[in-house]
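Chemist: Mind the numbering: the sequence shown is residues 9 to 539 in my numbering, read in order.
Every residue, glycine too, gets a C-beta built ideally from N, C-alpha and C.
All figures in this text were calculated on a predicted structure; none of them were measured in a lab.
The following block contains the structure, expressed as structure tokens.
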Amino acid sequence: MNALHGTRDLVRLILRVDRVRLPAWMAGVTLFLLGSVASFPAAYDTAAERQARAALMDNPATVILTGPGYGREDYTYGAMVANEMGGMTAALVALMSVLLVVRHTRHEEERGRAELVRAAVVGRHAPLAAALLTVFAADVVLGLVLGLGLPVVLPELSVGGSLLFAAGLSAVGVVFAALAGVTAQLMEHGRAASGLAAALLAAAYALRGAGDLGDGTLSWLSPIGWAQRTRSYVDGRWWPLSLALVLTALLVVTAFLLRSRRDEGAGLVRGRPGRATAAPWLSGPFALALRLRRGPLTGWTVGFVLFGAFVGAIAEQAAEFAADNELAQRMLAQNGQAGSAETVLATYLGLMALVSTGFALQSVAALRAEETTGRLDPLLGGSPLSRGGWMLSNLAVTLVGSGTVLGSGGLSAGLVHATNSGEPWEAARLTLAALAHLPAVWVLAGLAAALFGVLPAAGGLGWLVLAGSVFVGMFGPLLRLPDWVADLSPFTHTPMLPTGDPHPVSLLALTAVAALLTTVGVLAFRRRDTA
């Protein structure tokens, strides 16, 4: 039988299974990019304001986060899009590709479904080929949507430059889809496969940042660096994308060669055997939940430490820019004096709180994964552990972990800002300022827990609420949304420290709401059937 027999049918199956997930990913990336770009004319209406923004980009921390900054001598909207949105959007596209490929390769084998599919008239390499083809096509379609959509939301952007910029994003997605195809053959479990690919994505981003700080040599080792070196909207060059095509072809060939050398369900890298006896601290459901989440918790914490350092480094420069920008003053005025570094820090800490909610929702979503994969029933059936105890232990890890993630970002920002300002107490003050947003994060975690207990199939609604909160937080001041709309977001009710008042009543109320939602979820889970 042909090794690729059945690929077309499996592509149709993937599209059927991901009929919601795949469009949601693409819509999220599209709204993130196009929504941000659409706000540029209101924020930077004149050439002088754009040049002031370009001066703000001339900062080592900003270079690491964004890129080399081509075209800053004449900072057009196109150069602004390529410099400030390219790196982050490329990382999102790459992450989408990694998760989708691993989901339809290694995760399918881990759950036993791939073996059932292979029992039919399906070739050995068909599942991998179907996953790669589907994700490649999704990356290309996403690139076309972005390339054609950018000139629509901002007519000053050229069509050619937009298509080149979007092609770079698609190229990054395709490379990391192929890379995920390789890690799915190496690792025995889906979490390890996606974690390894995500670690390589972080390494590629770090290489690009290190190269852009130096002479640019290291940036040529990163697919993200190749996308940025197309110099979109400045003096566009298509040829760097050929490097992405060559690497993708090599990775695809490698993935199929590795696939032919392993058994179904096995990985080429065998997991280490566990210890004969567990350490004392590993006893109990809380320790198990913490161990299962140590990878995501570590990754989120490291990311927030780096982002916090960036925030602390640019606070003074950002304040100087905001003092001369009318829109920035309008957006920052609600958090204090617009030209103040503390106001900039308060705004960024609020943004950190919104982003850190992603860890909380991801952690709660792991409860549903444990249930649907069949790991929960043996755990509950073979021990005296109760349903409520298991769920509360996992939620405790979620609450503590979200505090660790958010607090690490505030501490990192405080340490860097304290070094620049010469005020050593800033580290503790900004850590507490970041943790002041924690009750709002817990509210959304509690909502996700309630959905898991009452209506587990609707768990994705938590992400929708988070998206609405992000929209209100980022674009509310710009669009002058009514107060009642802003009040729907729990983050509206947290104090914007270090400039605002603590508002202890609001914090206690948010904590009570989070506790109530969590209680509803636990009680409902105790009474419903497991999947």
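Could you round the C-beta distance between A465 and L505 to whole angstroms and report it? I think they count as a contact, below 8 angstroms.
Modeler: Counting from one through the sequence shown, the residue named residue 465 turns up at place 457. Counting from one through the sequence shown, the residue named residue 505 turns up at place 497. Actually they do not touch by this definition, with Cβ atoms about 38 angstroms apart.
Chemist: Would you call the stretch 508-516 in contact with the stretch 528-538, where contact means no fewer than 3 C-beta pairs closer than 8 angstroms?
Modeler: no
Chemist: Does the stretch 214-234 come within contact of the stretch 166-184, defined as at least 3 CB pairs closer than 8 angstroms?
Modeler: yes
Chemist: Taking C-alpha atoms, which residue in L42, N91, A146 lies nearest to L30?
Modeler: Start at 1 with the first residue of the sequence shown, and residue 30 comes out as number 22. Comparing Cα positions, the closest option is A146.
Chemist: Let me confirm a value: P163 is counted as buried when at least 16 other C-beta atoms fall within 10 Å, else exposed. Which label applies?
Modeler: Numbered from its first residue, the sequence shown carries residue 163 at position 155. Looking at its Cβ environment, which holds fewer than 16 other Cβ atoms inside 10 Å, P163 is exposed.
Chemist: Would you list, in sequence order, the uninterrupted alpha helix (DSSP H) runs of no fewer than 4 residues that lie entirely inside the stretch 77-138?
Modeler: Those alpha helix (DSSP H) runs which fall completely within the stretch 77-138 and span 4+ residues are 85-111, 114-118, 121-126.
Chemist: Is A453 near T526, with beta carbons less than 9 angstroms apart?
Modeler: For the purposes of this step, residue 453 is identified with residue 445 of the sequence shown, where counting begins at 1. For the purposes of this step, residue 526 is identified with residue 518 of the sequence shown, where counting begins at 1. Contact flag set, yes.
Chemist: Could you check whether the stretch 268-275 touches the stretch 194-201, counting it as contact only if at least three pairs of C-beta atoms, one from each stretch, sit closer than 8 angstroms?
Modeler: yes
Chemist: So, does the CB of D26 fall closer than 9 angstroms to a CB anywhere in chain D?
Modeler: The chain inventory of the structure shown lacks chain D, comprising one protein chain alone.
Chemist: From S477, L463, T70, pick the residue whose C-alpha is nearest to that of R536; which is it?
Modeler: For the purposes of this step, residue 536 is taken as residue 528 along the sequence shown, with counting starting at 1. Measuring from the Cα of R536, the nearest candidate turns out to be L463.
Chemist: Please report how far the alpha carbon of A207 lies from the alpha carbon of G307, in whole angstroms.
Modeler: What you label residue 207 is simply residue 199 of the sequence shown in a count that begins at 1. What you label residue 307 is simply residue 299 of the sequence shown in a count that begins at 1. Approximately 8 angstroms between the Cα atoms of the pair.
Chemist: Any heavy atom of the ligand SAM closer than 8 angstroms to the Cβ of A99?
Modeler: The model depicted lacks the ligand SAM and carries no ligand whatsoever.
Chemist: Buried or exposed: where does G344 fall if 16 or more other Cβ atoms within 10 Å of its Cβ makes it buried?
Modeler: Walking along the sequence shown from the start, residue 344 turns up at place 336. Legend: pLDDT at G344 = 48, less than 50; position of this residue unreliable, no value from coordinates given.
Chemist: Please go through the stretch 411-491 and give each complete alpha helix (DSSP H) segment of 4 or more residues, from N-terminal end onward.
Modeler: At a cut-off of 4 residues, the continuous stretches assigned as alpha helix (DSSP H) that sit fully inside the stretch 411-491 are 434-443, 446-462, 469-487.
Chemist: For T15 and L290, I'd like the C-alpha separation in whole angstroms.
Modeler: In the sequence shown, counting from the first residue as 1, residue 15 sits at position 7. In the sequence shown, counting from the first residue as 1, residue 290 sits at position 282. In this structure, the CA atom of T15 is about 44 angstroms from the CA atom of L290.
Chemist: My assumption, with CB atoms under 8 angstroms, is that V89 sits in contact with L158. Please give the rounded CB distance.
Modeler: For this step, residue 89 is matched to residue 81 along the sequence shown. For this step, residue 158 is matched to residue 150 along the sequence shown. About 7 angstroms; that satisfies the 8 angstroms criterion.
Chemist: Taking buried to mean at least 16 other C-beta atoms within 10 Å of its own C-beta, is L384 buried or exposed?
Modeler: Along the sequence shown, read from residue 1 onward, the residue named residue 384 stands at position 376. L384 should be labelled buried.
Chemist: Using C-beta distances below 6 angstroms, list every residue in its chain close to A186, excluding the 5 sequence neighbours before and after it, in chain order.
Modeler: Sequence index remark: in the sequence shown, residue 186 carries index 178 (1-based). T256, L259, V260, listed in sequence order.
Chemist: Excluding five sequence neighbours on each side, which residues of the same chain lie with their C-beta closer than 8 angstroms to the C-beta of G476?
Modeler: In the sequence shown, residue 476 corresponds to position 468, counting from 1. Same-chain partners within the cutoff: L496, S497.
Chemist: Quick check on DSSP: helix, strand or coil for L531?
Modeler: Residue numbering aside, residue 531 sits at position 523 when the sequence shown is read from its first letter. Here L531 sits in helix by DSSP.
Chemist: If you compare alpha carbons, which of A138, L226, V449, G95 is closest to R20?
Modeler: Looking up residue 20 in the sequence shown gives position 12. Checked all of A138, L226, V449, G95; the closest Cα to R20 is A138.
Chemist: Quick check on the burial criterion: 16 or more other C-beta atoms within 10 angstroms. Buried or exposed for R293?
Modeler: Counted from its first residue, the sequence shown places residue 293 at position 285. Before going further, note that residue 293 is Pro rather than Arg in the sequence given. Counting of Cβ neighbours within 10 angstroms places P293 among the buried residues, the total reaching 16 or more.
Chemist: Check G344 in the structure and name its three-state DSSP category.
Modeler: For the purposes of this step, residue 344 is identified with residue 336 of the sequence shown, where counting begins at 1. Confidence is the limiting factor: at G344 the pLDDT is only 48, short of 50, which leaves the residue's position unreliable, though a coordinate-based value still follows. G344: coil per DSSP, three-state reduction.
Chemist: Going along the chain, which residues of its own chain have a beta-carbon closer than 6 angstroms to the beta-carbon of R239, five neighbours each way excluded?
Modeler: Looking up residue 239 in the sequence shown gives position 231. Y78, R245.
Chemist: Quick check: L64 and G95, are their CB atoms within less than 9 angstroms of each other?
Modeler: What you label residue 64 is simply residue 56 of the sequence shown in a count that begins at 1. What you label residue 95 is simply residue 87 of the sequence shown in a count that begins at 1. The answer is no: Cβ separation not under 9 angstroms.
Chemist: Between the Cα of L387 and the Cα atoms of A323, L472, L296, which residue gives the shortest distance?
Modeler: Within the sequence shown, numbered from 1, the residue matching residue 387 stands at position 379. Among A323, L472, L296, the Cα nearest to that of L387 belongs to L296.
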